[in-house]
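Let me begin by presenting the structure, written as structure tokens, before commenting on it.
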Amino acid sequence: MSEEQQKPSLEKGATADAAPEADKAVPAQRPETGERLLEVTGMRKYFPINGGFVFQRRVGDVRAVDGIDFHIDKGEALGMVGESGCGKSTTGRLVTRLLEPTDGKVAYAGQDITHASRRQLAPIRSEIQMIFQDPYASLNPRQTVGNIISAPMEINGINPTGGREKRVRELLETVGLNPEHYNRFPHEFSGGQRQRIGVARALSVNPKLIVADEPVSALDVSIQAQVVNLLQQVQKELGIAFLFIAHDLAIVRHFSQRIAVMYLGKIVEIGDRESIYVKPRHPYTHALLSAAPEADPDDKGRERIRLAGDVPSPINPPSGCRFRTRCWKAQDLCADEEPPLIQLGGSSEGHLTACHFPEEPTVTARAEDIILDPALAGAEEAADKTL
Amino acid sequence: MTTVTKPDPAPKDPVSTDPFLSVRDLYVRFATEDGTVKAVDGLSFDLERGETLGIVGESGSGKSVTNLAILGLHNPRNTTIAGEIMLDGQELTGASNRTLERLRGNKMAMIFQDSLTALSPYYTVGRQIAEPFMKHTGASKREGRARAIEMLARVGIPQPQTRVDDFPHQFSGGMRQRAMIALALVCDPELVIADEPTTALDVTVQAQILDLLKDLQQETGTSIILITHDLGVIANTADKVVVMYAGRAVERGTTREILKAPEHPYAWGLLSSIPRLTADVDVPLSPIPGTPPSLLNPPSGCPFHPRCAFVEKVGGDRCSTERPQLPDGRGSACHLTTEQKRDIFIEQIQPRLR
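Chains A and B, in that order, give the protein sequences.
The opening residue of the first sequence carries number 1 in the UniProt record's numbering; numbering runs sequentially from there.
The opening residue of the second sequence carries number 1 in the UniProt record's numbering; numbering runs sequentially from there.
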């Protein structure tokens with residue numbers, strides 16, 4: 001978040017955070033001006049845990065999101081990756097203000113919406129739309145597709161020229177469905193088609209920002225690509241900014257210009273696509289990338305890191321750096337002091353990392369694999385001996 | 001089967017050419033209100049000892065049903081099974097429940113996808129692991145518990161002596177999946193069927209579990225059938241692959257052959273629709289058009305023909321009338337000639353994969 005002001009004349013929408021070499025990888029595709037659309041600072045969300053009989057006392061908190069900063073520029077896609085329980089979905093819900101942040105600030109187009117009331121939010125709600133993960137649960141089974149897609153227009157009092165029905169038919173065509181299906185019900189569609197209906201609904205109010213929470217993870221492999229392509233087409237042609245939340249690293253890389261890696265309610269690393277995937281600095285990013293399975297039998301040049309155990313509970317997260325309990329570089333400092341999210345020497349502009357002892361910026365195989373899992377290490381040692 | 005130790009898997013004649021598991025022309029049909037679902041339609045494959053076979057397919061392709069049929073876990077009331085399943089010289093399709101009970105958990109075992117529903121919430125993890133061991137080997141409770149602790153330690157559960165008395169809900173997702181692996185391996189089975197064993201897990205935990213499964217296989221020489229929709233998981237773990245579509249095997253080969261030189265248009269579609277960590281991000285993905293067919297009324301001829309881009313290359317209406325056969329060994333069930341497949345792959349498909 002170093003530079004607040006961007007010159008509107010900046011081409012390609014490359015923000016201050018996009019490094020020069022990333023510009024080559026991301027050719028001109030976004031017509032916007034690199035203006036801040038969404039700015040999140042120090043956002044926190046604690047869900048209270050109540051305990052006790054009769055009188056429910058607050059006994060603790062689930063620290064789902066614990067102080068994160070990021071921004072999304074106009075027309076830009078920010079990908080958010082992390083494992084379950086890292087707070088990425090909560091972040092999506094906070095940004096759309098389906099949840100109210102416990103602390104921090106969310107500003108949309110310069111306007112503070114952190115604690116805005118329903119009335120104040122109404123005009124903004126039409127500009128921030130959401131696409132949900134489960135296409136079976138996110139569409140009302142008792143309403144026709146036409147009603148589902150025109151509902152946001154109705155609620156926001158939008159009357160497009162030619163009427164809402166015409167607009168809905170156009171939208172159905174945009175997302176690759178037959179406009180004749182206007183009067184059908186969701187159960188008549190397959191999962192991929194339902195997700196397209198969800199996209200059409202989000203597009204109906206001409207949003208400027210779409211929060212897509214795992215939009216393809218419930219779909220079959222051959223259908224995922226259809227929906228990813230559709231979203232990408234929407235993003236490029238309509239210049240809509242995306243907060244793309246997913247756990248699949250390859251899909252996030254394919255879709256987003258910038259990527260934030262979350263771990264236990266914190267952003268541990270954020271940067272443009274090239275620097276995150278080719279020159280990661282945070283050990284967790286390294287572990288995550290090395291664990292992503294690639295459909296390539298010759299994929300031997302990548303480093304191999306196998307962590308031990310699971311993500312700790314967000315109710316009582318580790319002190320200092322939250323990754324330290326699973327990190328191979330952890331020292332006393334990591335437990336005492338929380339590392340700030342800063343730009344490290346050697347990282348490209350806008351590539352921020354929260355680590356006291358960052359890794360080398362490369363993902364090529366190391367001389368020795370890092371195997372922290374004791375069972376795995378033991379089995380491999382045994383296998384090495386027999387060889 | 002109340003002998004204390006299991007017979008050594010070695011006594012089988014080593015020069016015998018019969019594969020360890022052989023599935024021939026398997027048909028599984030379910031009678032439903034809407035008609036007959038042809039869940040598996042003429043499937044054949046072989047599995048050797050110590051080998052891992054990956055079965056890839058989308059939801060509804062019949063991959064899970066095949067394995068329920070091998071284990072005899074289908075509902076006999078509405079299921080008809082035809083064909084032959086030979087496990088180590090023993091026919092399973094017509095086997096009695098008693099026979100299957102003796103085999104299940106002992107000679108063949110299963111790892112399920114969702115460990116929270118597969119493990120009973122009512123019994124401790126240790127008891128669930130010890131139970132099949134006690135049943136199949138006649139071991140005492142004390143021996144069973146000791147075995148459970150040993151297994152938990154082997155799959156990497158910290159403090160197995162105390163965790164053995166925990167209930168499944170006290171375990172995290174990754175630990176539960178480890179416990180399920182321990183449960184499957186407790187009787188040293190010769191065949192393990194893993195149905196999407198890591199789909200519900202996070203990436204870093206998935207990598208741990210897959211590697212662990214692979215290492216344990218090397219130690220014990222178990223054969224594994226790994227069912228998954230994720231080609232990345234296949235690349236890391238399987239030796240051979242069967243690609244399934246609409247209840248049929250459409251292509252068969254080694255992992256390298258399937259991932260590097262696939263022959264069937266469906267396999268091409270699958271490979272070019274997944275994004276890769278190193279691919280060019282400006283090239284859009286090439287999805288397979290349409291949706292998987294309903295198995296109540298699968299397409300005639302080749303089941304993939306309504307979604308296939310190469311129907312014209314075959315010419316006539318062969319694709320929609322004549323069912324292509326899958327040759328034994330390496331091959332694909334497609335009417336395109338070998339030269340056509342090679343040319344299309346090199347000219348059109350390969351450039352998309354990198």
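Glycine included, each C-beta is placed from N, C-alpha and C at the ideal position.
Short of 6 angstroms in beta carbon distance, which residues of its chain neighbour residue 326 of chain A, apart from the five on each side in sequence? Order them along the chain.
Against the first sequence, residue 326 of chain A aligns to sequence position 326. The answer, listed in chain order, is 307.
Indicate whether residue 192 of chain B and residue 222 of chain B have their beta-carbon atoms separated by less than 8 angstroms.
Indexing the second sequence from 1 puts residue 192 of chain B at position 192. Indexing the second sequence from 1 puts residue 222 of chain B at position 222. In contact: residue 192 of chain B and residue 222 of chain B (Cβ atoms closer than 8 angstroms).
Alpha helix (DSSP H) segment containing residue 126 of chain B, residue limits:
Taking the first residue of the second sequence as 1, we reach residue 126 of chain B at position 126. First-last of the alpha helix (DSSP H) with residue 126 of chain B: 125-137.
Taking Cβ positions, are residue 252 of chain B and residue 326 of chain B nearer each other than 8 angstroms?
The residue labelled residue 252 of chain B in the question sits at position 252 within the second sequence. The residue labelled residue 326 of chain B in the question sits at position 326 within the second sequence. Their beta carbons are under 8 angstroms apart, which means residue 252 of chain B touches residue 326 of chain B by this criterion.
Which of the three DSSP states, helix, strand or coil, is assigned to residue 199 of chain A?
Numbered from its first residue, the first sequence carries residue 199 of chain A at position 199. Helix, per DSSP.
Who are the Cβ neighbours of residue 219 of chain A in its own chain at under 7 angstroms, not counting the five residues just before and after it?
Here residue 219 of chain A refers to the residue found at position 219 of the first sequence. For residue 219 of chain A, where only same-chain residues beyond five positions count, the Cβ hits under 7 angstroms are 191, 192, 195, 227.
Quick one: Cα of residue 313 of chain B to Cα of residue 299 of chain B, how far?
For this step, residue 313 of chain B is matched to residue 313 along the second sequence. For this step, residue 299 of chain B is matched to residue 299 along the second sequence. Going by the C-alpha atoms only, they are around 19 angstroms apart.
If we count the other Cβ atoms within 10 Å of its Cβ and call it buried at 16 or more, is residue 56 of chain A buried or exposed?
For the purposes of this step, residue 56 of chain A is taken as the residue at position 56 of the first sequence. It is exposed - the Cβ of residue 56 of chain A has fewer than 16 other Cβ atoms within 10 Å.
Excluding the five sequence neighbours on either side, which residues of its own chain have a C-beta within less than 8 angstroms of the C-beta of residue 53 of chain B, listed in chain order?
As a working note, residue 53 of chain B is residue 53 in the second sequence. Hits under 8 angstroms: 45, 47, 223, 224, 225, 226, 238, 239, 240, 241, 242.
Residue interval of the beta strand (DSSP E) (run including residue 51 of chain A):
Locating residue 51 of chain A in the first sequence gives position 51, counting from the first residue. Counting along the chain, the beta strand (DSSP E) containing residue 51 of chain A begins and ends at 36-51.
What does DSSP give as the partner residue(s) for residue 31 of chain B in the beta ladder?
Taking the second sequence and counting its residues from 1, the one referred to as residue 31 of chain B is at position 31. Its beta-bridge partners are B/36.
Where does residue 155 of chain A land, buried or exposed, given buried means 16+ other C-beta within 10 angstroms?
For the purposes of this step, residue 155 of chain A is identified with residue 155 of the first sequence, where counting begins at 1. Burial call: exposed.
Sorted by chain position, which residues of the same chain lie with C-beta nearer than 8 angstroms to residue 84 of chain B's C-beta, five sequence neighbours on each side aside?
Walking along the second sequence from the start, residue 84 of chain B turns up at place 84. Excluding positions up to five away in sequence, the list reads 22, 23, 24, 25, 26, 91, 93.
Helix, strand or coil for residue 194 of chain B per DSSP?
Translated into the one-based positions of the second sequence, residue 194 of chain B becomes position 194. Reduced to three states, the DSSP call for residue 194 of chain B is strand.
Output yes or no for whether 8 angstroms exceeds the beta carbon distance between residue 267 of chain A and residue 68 of chain A.
Here residue 267 of chain A refers to the residue found at position 267 when the first sequence is read from its first residue. Here residue 68 of chain A refers to the residue found at position 68 when the first sequence is read from its first residue. Yes. Within cutoff.
Can you give me the Cβ contacts of residue 138 of chain A inside the same chain, cut-off strictly under 7 angstroms, excluding the 5 residues immediately before and after it?
Mapped onto the first sequence, residue 138 of chain A falls at position 138. Contacts found: 132, 198.
Just to confirm the assignment: which complete beta strand (DSSP E) runs, minimum length 3, are found wholly within the segment 143-210 of chain A?
none
Could you tell me the boundaries of the alpha helix (DSSP H) in which residue 271 of chain B lies?
Along the second sequence, one-based indexing puts residue 271 of chain B at 271. Counting along the chain, the alpha helix (DSSP H) containing residue 271 of chain B begins and ends at 265-273.
Using the C-alpha atoms, what's the distance from residue 90 of chain A back to residue 99 of chain A?
Within the first sequence, residue 99 of chain A is the residue found at index 99, counting from 1. Within the first sequence, residue 90 of chain A is the residue found at index 90, counting from 1. Distance between the alpha carbons of residue 99 of chain A and residue 90 of chain A: 8 angstroms.
Is it true that the CB of residue 311 of chain A sits closer than 8 angstroms to the CB of residue 81 of chain A?
Counting from 1 along the first sequence, the entry for residue 81 of chain A is found at position 81. Counting from 1 along the first sequence, the entry for residue 311 of chain A is found at position 311. The answer is no: Cβ separation not under 8 angstroms.
Please tell me whether residue 281 of chain A and residue 359 of chain A are closer than 8 angstroms, where the distance is taken between their beta carbons.
Here residue 281 of chain A refers to the residue found at position 281 of the first sequence. Here residue 359 of chain A refers to the residue found at position 359 of the first sequence. Closer than 8 angstroms, so yes.
Hey, how far is the Cα of residue 34 of chain B from the Cα of residue 296 of chain B?
The residue you call residue 34 of chain B lines up with position 34 of the second sequence. The residue you call residue 296 of chain B lines up with position 296 of the second sequence. The alpha-carbon atoms of residue 34 of chain B and residue 296 of chain B are separated by roughly 8 angstroms.
Rounded C-beta distance between residue 28 of chain B and residue 99 of chain B? I'm assuming under 8 angstroms.
Here residue 28 of chain B is taken as the residue at index 28 of the second sequence, counted from 1. Here residue 99 of chain B is taken as the residue at index 99 of the second sequence, counted from 1. Not quite, the Cβ-Cβ distance comes to about 19 angstroms (not below 8 angstroms), so this is no contact.
Could you confirm whether any beta carbon from chain A is found closer than 8 angstroms to the beta carbon of residue 348 of chain B?
Translated into the one-based positions of the second sequence, residue 348 of chain B becomes position 348. For residue 348 of chain B, the answer is no, since every Cβ of chain A falls outside 8 angstroms of its Cβ.
How is residue 92 of chain A classed by DSSP in three states: helix, strand or coil?
As a first step, residue 92 of chain A must be located in the first sequence, where it is residue number 92. DSSP places residue 92 of chain A in helix when its eight states are reduced to three.
Could you spell out where the alpha helix (DSSP H) holding residue 148 of chain B opens and where it closes?
Within the second sequence, the letter at position 148 stands for residue 148 of chain B. It spans 141-154 - the alpha helix (DSSP H) in which residue 148 of chain B sits, taken as one unbroken run.
Cα-Cα separation, residue 45 of chain A to residue 65 of chain A:
Counting from 1 along the first sequence, the entry for residue 45 of chain A is found at position 45. Counting from 1 along the first sequence, the entry for residue 65 of chain A is found at position 65. The straight-line gap from Cα to Cα measures roughly 5 angstroms.
Roughly how many angstroms lie between the CA atoms of residue 30 of chain A and residue 75 of chain A, to the nearest whole one?
Numbered from 1 along the first sequence, position 30 holds the residue referred to as residue 30 of chain A. Numbered from 1 along the first sequence, position 75 holds the residue referred to as residue 75 of chain A. With a pLDDT of 42 at residue 30 of chain A, under the threshold of 50, the modelled position of this residue cannot be trusted; read the value that follows with caution. The straight-line gap from Cα to Cα measures roughly 6 angstroms.
Are the Cβ atoms of residue 121 of chain A and residue 73 of chain A separated by less than 8 angstroms?
Counted from its first residue, the first sequence places residue 121 of chain A at position 121. Counted from its first residue, the first sequence places residue 73 of chain A at position 73. Contact: no.
What span of residues does the beta strand (DSSP E) with residue 249 of chain B cover, start to end?
Taking the second sequence and counting its residues from 1, one reaches residue 249 of chain B at position 249. Per DSSP, residue 249 of chain B belongs to the beta strand (DSSP E) from 248-254.
Does residue 245 of chain A get closer than 8 angstroms to chain B when you measure Cβ to Cβ?
Indexing the first sequence from 1 puts residue 245 of chain A at position 245. No, its Cβ sits nowhere closer than 8 angstroms to a Cβ of chain B.
May I ask which residues mark the beginning and end of the beta strand (DSSP E) holding residue 291 of chain B?
Residue 291 of chain B sits at position 291 when you count from the first residue of the second sequence. Careful: residue 291 of chain B lies outside any beta strand (DSSP E) and carries neither H nor E.
Comparing alpha-carbon positions, which option in A/136, A/258, A/203 lies nearest residue 169 of chain A?
Residue numbering aside, residue 169 of chain A sits at position 169 when the first sequence is read from its first letter. Nearest C-alpha to residue 169 of chain A: A/203.
Environment of residue 286 of chain A [buried if 16+ CB atoms lie within 10 Å]
Position 286 of the first sequence, counting from 1, holds the residue named residue 286 of chain A. Residue 286 of chain A comes out buried.
Please classify residue 294 of chain A as buried or exposed, where buried requires at least 16 neighbouring CB atoms within 10 angstroms.
For this step, residue 294 of chain A is matched to residue 294 along the first sequence. Residue 294 of chain A is buried by the Cβ-count criterion.
If we ignore side chains and look at the alpha-carbon of each, how far apart do residue 219 of chain B and residue 116 of chain B end up?
Indexing the second sequence from 1 puts residue 219 of chain B at position 219. Indexing the second sequence from 1 puts residue 116 of chain B at position 116. Spanning the two alpha carbons is a distance of roughly 27 angstroms.
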